[in-house]
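A.B. asks:
In full-length UniProt numbering, the protein residues as written are 1 to 1134.
The following block contains the structure:
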């Protein structure tokens, strides 16, 4: 027994038993025998399995990698032992023939003897080059004074002659020969360059060996050439020499270095760069900054802009390749810890297969004070040995780094301290670049802008289309969203059977990426902090009256987005209705089925058999389901439906006090599904449209409750009961004594709480209600029903753990649509990780953010349920920057977005950008023409114009080189077009610094809008509002055409009373609070704006555009000088 095995026996297994079994299961018996003989740890066995070493044949294929210890993350001693076994194995069959059995002869002693014999053979040839290198390469090694071990290693790498060395020239240029010192590779590279230079000057027939010596090498070193300059520059950079170290850097040499960089970028990375930017030009900028003497170009900041999700990570990958080539440290700072993890994964994929690997010289940190301090410590530790070592910094999402004017936050102070170390290369990247440009311009920095273009396969903000309601664009009103504001949610818990599965099935087979410091990870299931496990958070929604942060318009949009399951809602041909208690009811029973207390009684609940039996349902029989508790009293169990479904048809509502008596009189007459009516000509309520959502006792699903699956409801086959039917039923004596008002409410579609309260109060004062989706207008579905790959993003709920949080929202929405036969996979993305719940499951799975990205989770879900099953992702703060919500086969198709007033315009654009992507072809392949968006009208207009504004600013800076940004915008001879005036549609702050909003271009910098069609909704909203019309008209009279005019509330109150006088000459009294409310509403609609005047403590009001304000006046509306309208007087007093 080895020492390691003795230690394991004393201390216990270093890894859980299930991990050992999994590793052994993957390896065949021969390979397992080798592992046991050479004492390979379980961890190493698992790592070998990940490298596709699953049998003896695949192990022998890895002989060369084992010989150089090139397999990543595996102990080098273990690789050496297995390499010796491969050599022993080959030697055994050479001596004994191919039919010999090697196992009886292989043990620790035989392997030790073989290693000893190999060592003695090497000692015998230590004074000779026989069997190692050819004469030409042996000559080079002797002239360069290379030891015997280096020659042996070159031979193991397959470099045995000068020709093979020349073939490795590119590897030598990038120092990528494994386990060979950089000084050795530099010397061999010099020999290669000498060889090429020799044959440039001489004929091919002349032998170079007679001319290769120390003198010719030294002479070659003195000759000017691009290669020599490049090697000299590398020497100075690697040795960390000072400013005078690189004295002669030509553009030709920089281009030569950039050519080397781009030559060895892998093909997928180059494909992603195509038509977006030139990787060669980026490499040139990076090389120029790193190679020039300190003090000149490193002060230049490269500012990279581009649209969201357009592939800006490829720029970072090219810069990382340059820094790896020059052996310089590159620090990338990005927004947030989850985003940092995602960026590292992206860069690993982009640089995978490149000669510039990620094993050194790249440090990715989040924008926290602690991590930035660690980056500073890394630079200082390098400079202890190399005082003039160069390094580069890339600031990702740079607009989020400038937070206060005086750098009051600790993060900002440490960020400034890192910049004070003097990076030779500095690049800042963002899709929302303007606030960063303002901050850098304020600091007097020299900026060079670069834009990343998009391809034809890009789907951006401009390509998005609004959801439709009554033929018009539908918009989301943020005022209707809240933790206690939303769509009414009603379920009857007593009528809901148990779930098919208690938990969502395992998504990833490599779930046990355990933390050795966590004691909980040693259990059979790991823990929810470090592995893909069943979530401990309850998805049960108890005593909820509304779905939090959800409006009726949102539900309508999701309703039209989600397809009806093709496995549900079908008539079971084997359904036996002849038995007592069959699926039938009399007219008396209909009222019980349609009232709010028993709507669940007519629903068909079906179980799902998805691909791979992930739900665990396999041809379930009536008996098996009954034993498992999947049925409830009063449920008729049907036979298999198409697709392996099991229908459960709840009969009468026998579990309510009102229904027990009626249940005794249930008729045996069958339901006529073809006529879609019950016996006697009485139609049944269409429960899957309204029935399951109207109970005051809202409930979700816990372990003892059934989550409806993708089978449709029986009521989905039935027509909705009309009000006339109910009245006729009352007239015939049907019903259970409930009043008509309550039953009408049960039959009405769900309304959000805000709309209900508003309707009870009589609606808005004057004027039509604007067209937004918070009314009961139904959103139209402009797209065909034969679509797949549906992926919805919902970002309206900022709560994670508080009451009415995003998990509750996701559970309620998933339960609601499952009851309508429209199942989907619910995913909740939070800062700590991702929750995922399949239809028909009570509990979700939790995947730690450090284990899998959202894109990887979407890919895995697609493998389990297929593209036919929709996915809806709920999130908020995570759904903002750096994170991609798409896979190679599924891209976002719908998005619902709302952001609070405290968020900046850039934050809103970044959140909206989660539904943009490079993959328009995938979108169309899945049957969609565009991304459908439901959001605030003003925010969306500002987001569409923002990118145009940044492009115009870029042009102005290039035209006015050497002057500040503010001066460049003010000195422009031509105004910016209104298509770039994003500020006309938003009152949000610009960037995180509050003072930056005061420095945006004024109204005089933009042309007046040529079209005011975007004002139509606002115009309709205030068209007949007499008070608001007066205020707008009064402001225009006071402004007298001055676009910058502003006044405080007191001035408007005085002017109002003076202008609108009564017959007695006394002004109409208007309260300051009342007028301020009107102005606040106009400010929320981005018609007015609050501004702060110098020397004045009170905020003043100004119009966003006088032309737009004038366009909203209703000249035909008679605005009297005194209150002659009784209704208006009452309205004014209220």
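Positions of the beta carbon are idealized from the N, C-alpha and C atoms, including for glycine. What you are looking at is a predicted structure, and each value in this text was computed from that prediction instead of being measured.
#1: Apart from the five residues just before and just after residue 1116, which ones in its own chain have a Cβ nearer than 6 Å to its Cβ?
#2: Indicate the three-state DSSP secondary structure (helix, strand or coil) for residue 1035 in the structure shown.
#3: Since residue 343 and residue 332 should fall inside the 8 Å C-beta cutoff, what is the C-beta to C-beta distance between them, to a whole number of angstroms?
#4: Determine whether the beta carbon atoms of residue 1006 and residue 978 lie at a separation below 8 Å.
#5: Of the choices 447, 866, 136 and 197, whose alpha-carbon is the least far from that of residue 956?
#6: Between which two residues does the alpha helix (DSSP H) containing residue 1101 stretch?
#7: Let's test the definition: count the other Cβ atoms within 10 Å of the Cβ of residue 453 and tell me whether it reaches 16, buried, or not, exposed.
#8: Going by beta carbon distance, what residues of the same chain come within less than 8 Å of residue 1034, once the five residues before and after it are set aside?
#9: Report the partner residues of residue 1089 according to the DSSP bridge assignment.
#10: Give me, in chain order, the residues of the same chain whose beta-carbon lies closer than 7 Å to that of residue 433; leave out the 5 immediate sequence neighbours on both sides.
#11: Note the first and the last residue of the continuous beta strand (DSSP E) segment covering residue 292.
#12: Between residue 859 and the rest of its own chain, which residues show a CB-CB distance below 6 Å, the 5 nearest in sequence each way excluded?
#13: Got a sec? Which residues, its chain only, sit under 7 Å from residue 172 by beta carbon, not counting five neighbours each side?
#14: Can you tell me which of the three DSSP states residue 28 falls into?
#15: Please give me, in chain order, every unbroken run of the beta strand (DSSP E) with length at least 3 that falls completely inside the segment 874-905.
#16: Does DSSP classify residue 1048 as helix, strand or coil?
#17: Excluding the 5 residues preceding and the 5 following residue 791 in the sequence, name in chain order all residues of the same chain whose CB lies nearer than 6 Å to its CB.
#18: With a threshold of 16 other CB atoms inside 10 Å of the CB of residue 47, please say whether the residue is buried or exposed.
#19: May I have the straight-line CA-CA distance separating residue 557 from residue 982, to the nearest angstrom?
#20: When you compare each of 367, 319, 1074 and 1027 to residue 882 by their alpha carbons, which one comes out closest?
#21: At what residue ranges does the segment 808-879 contain a whole run of the alpha helix (DSSP H), taking only runs of 4 or more?
#22: Using a Cβ distance threshold of 8 Å, determine whether the segment 922-937 contacts the segment 401-412, with at least three qualifying pairs required.
#23: In the structure shown, what three-state DSSP assignment does residue 400 receive?
#24: Taking the beta strand (DSSP E) that residue 370 falls in, what are its first and last residues?
#25: Spell out the partners DSSP gives residue 446 in its beta bridges.
#26: Could you tell me which of 1032, 82 and 552 sits nearest to residue 60, measuring between CA atoms?
#27: Here's a check: name, in chain order, each residue in its chain whose Cβ is nearer than 7 Å to the Cβ of residue 156, leaving out the five neighbours to either side.
#28: Look at the alpha carbon of residue 180 and the alpha carbon of residue 62, and state the distance between them as a whole number of angstroms.
#29: Flag this pair as yes or no: are the beta carbons of residue 467 and residue 932 separated by less than 8 Å?
#30: If I follow the unbroken beta strand (DSSP E) through residue 1163, where does it start and stop?
#31: Let me confirm a value: residue 1089 is counted as buried when at least 16 other C-beta atoms fall within 10 Å, else exposed. Which label applies?
#32: Rounded to whole angstroms, what's the CA-CA distance from residue 459 to residue 259? Just pull it up for me.
#33: Could you tell me the boundaries of the alpha helix (DSSP H) in which residue 553 lies?
#34: Nearest-angstrom Cα distance between residue 625 and residue 818?
#35: According to DSSP, which residues form a beta bridge with residue 333?
#36: Identify, in the order they occur along the chain, each residue of the same chain with its Cβ nearer than 7 Å to the Cβ of residue 844, setting aside the five sequence neighbours on each side.
C.D. replies: Based on what the coordinates show:
#1: Counting from one through the chain shown, the residue named residue 1116 turns up at place 1116. Cβ neighbours of residue 1116 beyond the five flanking positions: none.
#2: Position 1035 of the chain shown, counting from 1, holds the residue named residue 1035. Correct three-state label for residue 1035: helix.
#3: Locating residue 343 in the chain shown gives position 343, where the first residue counts as 1. Locating residue 332 in the chain shown gives position 332, where the first residue counts as 1. Indeed, because the Cβ distance is near 7 Å, the residues count as touching under 8 Å.
#4: Working through the chain shown from its first residue, we reach residue 1006 at position 1006. Working through the chain shown from its first residue, we reach residue 978 at position 978. Cβ atoms of residue 1006 and residue 978: closer than 8 Å.
#5: Here the question's residue 956 lines up with position 956 in the chain shown. When each option's Cα is compared against that of residue 956, the closest is 447.
#6: As a working mapping, residue 1101 is identified with position 1101 in the chain shown. That residue, residue 1101, is in no alpha helix (DSSP H); its beta strand (DSSP E) goes 1100-1103.
#7: Position 453 of the chain shown, counted from the start, is the residue given in the question as residue 453. It is exposed - the Cβ of residue 453 has fewer than 16 other Cβ atoms within 10 Å.
#8: For the purposes of this step, residue 1034 is taken as the residue at position 1034 of the chain shown. For residue 1034, where only same-chain residues beyond five positions count, the Cβ hits under 8 Å are 1052, 1055, 1056 and 1059.
#9: Along the chain shown, one-based indexing puts residue 1089 at 1089. 1102, per the DSSP bridge assignment.
#10: Position 433 of the chain shown, counted from the first residue, corresponds to residue 433. Cβ neighbours of residue 433 beyond the five flanking positions: 303, 305, 399 and 950.
#11: As a position in the chain shown, residue 292 is number 292, starting the count at 1. No beta strand (DSSP E) holds residue 292; DSSP gives it neither H nor E.
#12: Position 859 of the chain shown, counted from the first residue, corresponds to residue 859. Excluding positions up to five away in sequence, the list reads 887.
#13: Against the chain shown, residue 172 aligns to sequence position 172. So the list reads 185, 188, 189 and 192, once near-sequence residues are dropped.
#14: Along the chain shown, read from residue 1 onward, the residue named residue 28 stands at position 28. It is coil, neither helix nor strand.
#15: 894-897
#16: Position 1048 of the chain shown holds residue 1048. Coil at residue 1048, not helix or strand.
#17: In the chain shown, residue 791 corresponds to position 791, counting from 1. Excluding sequence neighbours, residue 791 sits near 871, 890, 892 and 893.
#18: In the chain shown, counting from the first residue as 1, residue 47 sits at position 47. Classification for residue 47: buried.
#19: Indexing the chain shown from 1 puts residue 557 at position 557. Indexing the chain shown from 1 puts residue 982 at position 982. Cα-Cα distance, rounded: 27 Å.
#20: Translated into the one-based positions of the chain shown, residue 882 becomes position 882. When only C-alpha atoms are compared, the closest one is 367.
#21: 854-865
#22: no
#23: Position 400 of the chain shown, counted from the first residue, corresponds to residue 400. If DSSP states are grouped into helix, strand and coil, residue 400 belongs with the helices.
#24: As a first step, residue 370 is located in the chain shown; it is residue number 370 there, counting from the start. Segment 369-385 is the alpha helix (DSSP H) holding residue 370; no beta strand (DSSP E) there.
#25: Walking along the chain shown from the start, residue 446 turns up at place 446. For residue 446, which the question treats as bridged, DSSP gives the partners 300.
#26: Indexing the chain shown from 1 puts residue 60 at position 60. Selected option, being the one with the closest Cα: 82.
#27: Within the chain shown, residue 156 is the residue found at index 156, counting from 1. Same-chain partners within the cutoff: 67 and 68.
#28: Counted from its first residue, the chain shown places residue 180 at position 180. Counted from its first residue, the chain shown places residue 62 at position 62. Going by the C-alpha atoms only, they are around 20 Å apart.
#29: Here the question's residue 467 lines up with position 467 in the chain shown. Here the question's residue 932 lines up with position 932 in the chain shown. Taking 8 Å as the Cβ cut-off, residue 467 and residue 932 qualify as a contacting pair.
#30: What is shown of the chain runs 1 to 1134, which leaves residue 1163 out entirely.
#31: The residue you call residue 1089 lines up with position 1089 of the chain shown. Answer is buried; the Cβ neighbour count reaches 16.
#32: As a working note, residue 459 is residue 459 in the chain shown. As a working note, residue 259 is residue 259 in the chain shown. Going from the Cα of residue 459 to the Cα of residue 259 covers about 32 Å.
#33: By 1-based counting over the chain shown, the position of residue 553 is 553. Residues 552-561.
#34: The count along the chain shown starts at 1 and reaches residue 625 at position 625. The count along the chain shown starts at 1 and reaches residue 818 at position 818. Note on residue 625: pLDDT 33, under 50, position unreliable in the model; the coordinate value appears next. Using only the alpha carbons, I get a separation of about 20 Å.
#35: Taking the first residue of the chain shown as position 1, residue 333 is located at position 333. Looking at the DSSP assignment, residue 333 forms a beta bridge with 365 and 395.
#36: Sequence index remark: in the chain shown, residue 844 carries index 844 (1-based). Cβ within range, chain order: 504, 535, 539, 835, 836 and 837.
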